[in-house]
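Protein chains: 2
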Amino acid sequence: MDKKTKELYKAKADVLKALGHPTRLWMAEQLSEGERCVCEFVKEIDADFSTVSKHLNILKQAGIVEDEKRGLNVYYKLKVPCILNSMSCVEAVLSAKLKSQIDMAK
Amino acid sequence: MDKKTKELYKAKADVLKALGHPTRLWMAEQLSEGERCVCEFVKEIDADFSTVSKHLNILKQAGIVEDEKRGLNVYYKLKVPCILNSMSCVEAVLSAKLKSQIDMAK
DNA sequence: AAACTATTTGGCTATTATACCAAATACGAC
DNA sequence: GTCGTATTTGGTATAATAGCCAAATAGTTT
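Those protein sequence lines, which keep their order, are chains A and B.
Here this note's numbering is used: the first residue of the first sequence is 7, the next is one more, and so on.
Here this note's numbering is used: the first residue of the second sequence is 7, the next is one more, and so on.
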């Protein structure tokens, strides 16, 4: 595999990796309903302000969300909304997995 | 956020996390063209046999691929092929990101 | 300008992930 | 059964990630 290909797969994997964390995935899904400010996320998750901020930054670096400061608050929104289209298939993976486990137990 | 919801997002994130590694993503995409045995992957990537095997195991644990032993070889194939549908959007994220970077540089 | 609020950054530690090597296992050929 | 090949497993060193705290920054209010 050549260097260019490696870099491309690294870049693509980084996008998926950014979504590969429960908190970040949840936040991304929340954003599909519209923009949120950091404080709204902090209220709903039991986590430190700095933790939430860092997670949002990872999503931003990945190119999934963008932020805008208005007054004291920073609002985040999805930059490329299609990123959540894949979730129905992720759920299909989970059902298939659950099914296998049930079959296994029989 | 309640415990059930947390567990669901953990499960969904784990699927995405499994694809969030260059080597694993590449292998998954290869499998979209048909099954492959471990040795075929090893030939194409510059990595140890055990490394490849472990990556495939992570994809298997995530429920993305399944394996079948035939003779000396173990063949892997996609269990839920739709999982690669999202790749066009991942590429859209990358183009959008690239575009931002170019605008930024102006 | 001082006080207050929202957010980010830096530092630290604990946990997890990655990759290699060596050893173990599974299977087929002889 | 012994040998050779394909794959997995265990061990270990290194690197990356996550989450908390404290400090820094940015904007608002008074």
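Beta carbons are placed, not taken as given, at the ideal position from N, Cα and C, and that holds for glycine.
By the criterion of Cβ-Cβ separation under 7 angstroms, what are the contact partners of N91 of chain B in chain A?
The contacting residues are S92, C95.
Which residue comes first and which comes last in the beta strand (DSSP E) that contains V80 of chain B?
Counting along the chain, the beta strand (DSSP E) containing V80 of chain B begins and ends at 79 to 84.
When the Cα atoms are used, what is the spatial distance from C95 of chain B to L84 of chain A?
Between C95 of chain B and L84 of chain A, the C-alpha separation is close to 13 angstroms.
I need the straight-line Cα distance from I70 of chain A to A24 of chain B, nearest angstrom please.
In a straight line, the C-alpha of I70 of chain A is about 18 angstroms away from that of A24 of chain B.
So for K103 of chain A, helix, strand or coil by DSSP?
DSSP places K103 of chain A in helix when its eight states are reduced to three.
Using a Cβ-Cβ cut-off of 6 angstroms (strictly less than) and excluding sequence neighbours within five positions of F55 of chain B, which residues of its own chain qualify?
Hits under 6 angstroms: V48.
Ignore the nearest five residues each way along the sequence and tell me which others in D81 of chain A's own chain have a CB closer than 8 angstroms to its CB.
Asp is not the amino acid found at residue 81 of chain A; the sequence shown has Tyr there. Same-chain partners within the cutoff: E41, R42, C43, D73, E74, K75.
Who are the neighbours of M7 of chain A on chain B, taking C-beta pairs under 8 angstroms?
Residues of chain B passing the Cβ test: W32, E50, I51, D52.
Please confirm whether I64 of chain B has its beta-carbon closer than 9 angstroms to some beta-carbon of chain A.
No, its Cβ sits nowhere closer than 9 angstroms to a Cβ of chain A.
Kindly list the residues whose CB is nearer than 7 angstroms to the CB of E35 of chain A, restricted to its own chain and excluding five residues on each side of it in sequence; keep chain order.
If we look at E35 of chain A and ignore the five residues flanking it on each side, its Cβ neighbours are L90.
Mind checking L31 of chain A: buried by the 16 CB within 10 Å criterion, or exposed?
So L31 of chain A counts as buried.
Beta-carbon within less than 8 angstroms of L37 of chain B's beta-carbon, same chain only, minus the 5 sequence neighbours each way: which residues are those?
These residues qualify, in order along the chain: V71, Y82, K83, L84.
Applying the criterion that 16 or more other CB atoms from any shown protein chain within 10 Å of the CB defines a buried residue, is A111 of chain A buried or exposed?
With fewer than 16 other Cβ atoms within 10 Å, it is exposed.
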